[in-house]
């Protein structure tokens, strides 16, 4: 019997971007390709309803408005690690971070049935840039609620995209106000992470990684609310359940790392500020990404502010890329894990949106 007849056609279509010519998905380290319906593949359950097909649909929708960012080999890290290390350069994405992937997918999806929909989001800055770009690109209106302490450069970018801004004492106050206004005026509220469309949009990063490096064995990603890594995990674990997914959080605000260790959500009292403000925060107990993180993430690594600073210094010296602190989390974790054997490794550099003045303050 022809081997290809063992494939389930509907499943095969979901994975077209990372199939070989023969229709197989190659499993790193195996002597032969496995069919997509092999028992070793992680199967969706009722509680894990996000599928690779949803990520592929998201990718088709947002493709005209984003970049397929480079996956750049790094010689010095590869030498230290003893295996290939590649950097996924989302810092070269439009707006300077991965954020527009989810925002574009959300705006496109909502406006398919509500063409006049307006969007509202609370943010410390980065999420607001992504939504402002998506709204400007697609002809929608965006309302961004920020703390007064937000980075002036991020505020400037949001304003340049034409979004309406409101200021509050802190992010929790901005979030409360945004939810109230969304309810009163019929705006679509958009969380940076606790939203299915944001997860699906973030998951498109993994599709590009699998297309460019099908034999990847380890992926490191900074984690705040978990939307990016949750979405990526759907594609990565479906393509190869042996891929090791490592989430990275600041030592001072390791909420999801503690949830992962305990196996369920727990109250975390000791949450302190980190220079990685984009991945250091409390999260809601009703967290959409959590089941995916619980099921798919293999481990969390915690990094200190000093380790983040050192990773930022190394990156600008070695690659000439300036990273915001949150984006350096994966690098900091990789440097901490060496020389542990990880196989071909991808580190996602999530963004560059930090002013030169702030960067100098952090790394001096």
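In our numbering, the protein residues as written are 57 to 420.
Note that CB positions come from ideal geometry on N, CA and C, so glycine has one too.
Of the candidates 418, 405, 108, 415, the residue whose Cα lies closest to the Cα of residue 257 is 108. Assigned with DSSP and collapsed to three states, residue 305 falls in strand. 281 is the residue among 262, 268, 308, 281 whose C-alpha sits nearest the C-alpha of residue 247. Exclusion of the five residues before and after residue 388 leaves 359, 363, 364, 367 as the residues of its chain whose Cβ lies within less than 6 Å of its Cβ. In the structure shown, the three-state DSSP call for residue 154 is coil. Setting aside the 5 residues that flank it on each side, residue 155 is surrounded in the same chain by 182, 183, 185, 186, each with a C-beta closer than 7 Å to its C-beta; the list follows chain order. DSSP places residue 380 in the coil class of the three-state scheme, outside both helix and strand. In this model, residue 355 and residue 312 are separated by some 11 Å (Cα to Cα). In this chain, residue 260 is not harboured by any beta strand (DSSP E); it is covered by the alpha helix (DSSP H) spanning 252-268. Taken in chain order, the unbroken stretches of beta strand (DSSP E) that lie wholly in the segment 372-418 and span 3 residues or more are 401-405.
Remark: C-beta atoms of residue 122 and residue 150 approach each other more closely than 7 Å.
Using a C-beta cut-off of 8 Å, the segment 188-198 makes contact with the segment 160-177, since at least three inter-stretch Cβ pairs fall below that distance. Looking at the DSSP output, residue 144 bridges to 127, 404. Looking only at 351, 268, 164, the smallest Cα-Cα distance to residue 244 is reached by 164. Out of 408, 415, 401, 414, the CA that lies nearest to the CA of residue 134 is found in 401.
Here the alpha carbon of residue 293 sits roughly 23 Å from the alpha carbon of residue 383.
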